[in-house]
Structures are given as C-alpha cells and as structure tokens.
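Inspection log for the structure reproduced underneath, given as structure tokens.
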Amino acid sequence: MNDVQKKLRGRPRKGQTDRQADRQALIAAAVAILDAGGPGALTARAVAERAGTAVGSVYTQFDSLELLRLEANAITMRRLRDALAAALSACPSRETDARLLCLADAYLGFAAQNHFAWVAIFERRTVEAPASVQADIAALFGILEGVLRDGGQLAEDAIPVMARALWSSVHGMTYLADLGGLGPLGAADVRPMIDALVRAVVRGFSAG
Numbered sequence: 038m039n040d041v042q043k044k045l046r047g048r049p050r051k052g053q054t055d056r057q058a059d060r061q062a063l064i065a066a067a068v069a070i071l072d073a074g075g076p077g078a079l080t081a082r083a084v085a086e087r088a089g090t091a092v093g094s095v096y097t098q099f100d101s102l103e104l105l106r107l108e109a110n111a112i113t114m115r116r117l118r119d120a121l122a123a124a125l126s127a128c129p130s131r132e133t134d135a136r137l138l139c140l141a142d143a144y145l146g147f148a149a150q151n152h153f154a155w156v157a158i159f160e161r162r163t164v165e166a167p168a169s170v171q172a173d174i175a176a177l178f179g180i181l182e183g184v185l186r187d188g189g190q191l192a193e194d195a196i197p198v199m200a201r202a203l204w205s206s207v208h209g210m211t212y213l214a215d216l217g218g219l220g221p222l223g224a225a226d227v228r229p230m231i232d233a234l235v236r237a238v239v240r241g242f243s244a245g
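With the working numbering applied, the sequence shown covers 38 to 245.
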C-alpha cells in the first residue's frame, strides 16, 4: 500500500447526510451567484469560494457545471411558481382573461425584480434536465393549465398545448423587450400587447 492509499484509507468517509448538506450548500451558492450576476457569473471556482469548499467538490457532487445550474434554476422556478400562485390567489376576478392577466403581471414583475436569475432559467441547455427539475417545470405550467381548465371552454387534451402557446407568447414578448429586440416597440408596449393577446385568445375559446 503506497502513501496515497494509506491517506485515503485513513480519511473518514462522509456520511450521506454530510454529502447531501454539501450538495445543498453548492446549490445555494449557485443560486446566490445567479441572483447577483446571472449565468455569466457562474463558475466552479465562484461556487466553491462562496460555499467555502474546494473546486473539485463541485464536480464530485455534479457531473457538470450545467447540471448545477439546472438545480439552481429549479429554485428560481419554485420562487416564480410561488409568485404566480400568490398573484392568482389575490386576483379580484374569476374571469379567465382577468386571471390570465394576473399571472402575466406577476410574471413581468418577477422578471423585472429577479432579472439575472430569470435570464439564467433560459440559458441554452445541452443536457437533459433531471427528473426533479422537469417536475418543477411541469408545476409551473400546471398553474396556467389550472386557469384554462377552470374556464371550462377547452377540451382537456387542448389545455397543455394552449398553456404552452400562451406562456411562450408572453415570455417571448418579455424576453425580446429585455433584449431590446422588439424593433420600434419598447418595454412599455409589452403589457398592452399581452392584454390584447390574452383577450383575443379567450374570445376565441367562446367562438370555437
């Protein structure tokens, strides 16, 4: 047995609880970094320094930095889900269009108040999201699907498709405005466009 093997053999193994605590500390560090500086600020070294551990521990816990980012993004998505749920609960109307607009306003507010973390959610992904992250994504869409279901004007199999279409439209306008990619239209034009879109879509439910 060489000296390295002796050292490894003599080193106490971390228990499952300790390893899980280390993992959560790294995720918390990644969340804080993304909140403050967005995806460009997320590096293994920055995460390790903030968590008070070695850089190698990042790759001991996660196969890649991207997987760590996805886990951190899941925390942001839960915060977004809570914001949407709270807005829906406080919405003064039970009409479908009004409830959808309450969600849209909450989404716009979250994007503005949590800009860097919000941008990080949509960073290009090259690996499949873990099942737990996919569940968080499904839960987000579930709120929107619930509003459409409560409206009672769509067939059940049409609800997931419409939820994704509406979300993509609202997000697209929000994201393009953030990038300055709406041409002659500015950020102030986004809310009126969302209002027009949502009301037209809901009228289409009745016409259909």
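Ideal placement from N, C-alpha and C gives every residue a C-beta, glycine not left out.
Residue of the options minimising C-alpha distance to residue i
| i | options | result |
| --- | --- | --- |
| residue 76 | 58, 62, 102 and 89 | 102 |
| residue 159 | 227, 70, 106 and 175 | 106 |
| residue 89 | 205, 58 and 74 | 58 |
| residue 148 | 189, 209 and 161 | 209 |
| residue 142 | 213, 188 and 232 | 232 |
| residue 226 | 111, 191 and 145 | 145 |
| residue 166 | 130, 186, 119 and 100 | 100 |
| residue 126 | 184, 54, 190 and 80 | 184 |
| residue 190 | 161, 217, 242 and 219 | 242 |
| residue 104 | 161, 130 and 56 | 161 |
Assigned exposure category for residue i - 16 Cβ within 10 Å defines buried
| i | result |
| --- | --- |
| residue 240 | exposed |
| residue 94 | buried |
| residue 98 | buried |
| residue 48 | For residue 48, the predicted structure reports a pLDDT of 48, less than 50, and the residue's modelled location is therefore unreliable. The matter cannot be settled from this model. |
| residue 211 | buried |
| residue 157 | buried |
| residue 173 | buried |
| residue 164 | exposed |
| residue 113 | buried |
| residue 133 | buried |
| residue 192 | exposed |
| residue 55 | exposed |
Residues near residue i by beta carbon distance below 7 Å, same chain, minus five either side
| i | result |
| --- | --- |
| residue 182 | 196, 197 and 200 |
| residue 85 | 91, 92, 94 and 95 |
| residue 45 | Summary for residue 45: the model assigns pLDDT 41, below 50, so the residue's position carries little reliability; its value from the coordinates is reported in the next sentence. Correct list: empty, nothing qualifies. |
Short Cβ contact (8 Å threshold) for residue i with residue j
| i | j | result |
| --- | --- | --- |
| residue 109 | residue 87 | no |
| residue 72 | residue 154 | yes |
| residue 121 | residue 180 | yes |
| residue 117 | residue 177 | yes |
| residue 234 | residue 205 | no |
Pairwise C-alpha distance: residue j and residue i
| i | j | result |
| --- | --- | --- |
| residue 64 | residue 152 | 19 Å |
| residue 140 | residue 124 | 6 Å |
| residue 230 | residue 222 | 10 Å |
| residue 187 | residue 237 | 18 Å |
| residue 168 | residue 175 | 10 Å |
| residue 74 | residue 150 | 13 Å |
| residue 62 | residue 220 | 42 Å |
| residue 194 | residue 115 | 25 Å |
| residue 60 | residue 119 | 23 Å |
| residue 218 | residue 130 | 33 Å |
is_contact[residue i, chain B] using C-beta, thresh 8 Å
| i | result |
| --- | --- |
| residue 176 | Included in the structure is just one protein chain, with no chain B present. |
Residues near residue i in its chain [Cβ-Cβ closer than 6 Å; skip 5 each side]
| i | result |
| --- | --- |
| residue 128 | 136 and 139 |
| residue 170 | 107 and 111 |
| residue 224 | 214 |
| residue 82 | 92 |
| residue 78 | 70 |
Own chain partners of residue i with C-beta closer than 8 Å, once the 5 adjacent residues on each side are dropped
| i | result |
| --- | --- |
| residue 68 | 109, 112, 113 and 154 |
| residue 80 | 102 |
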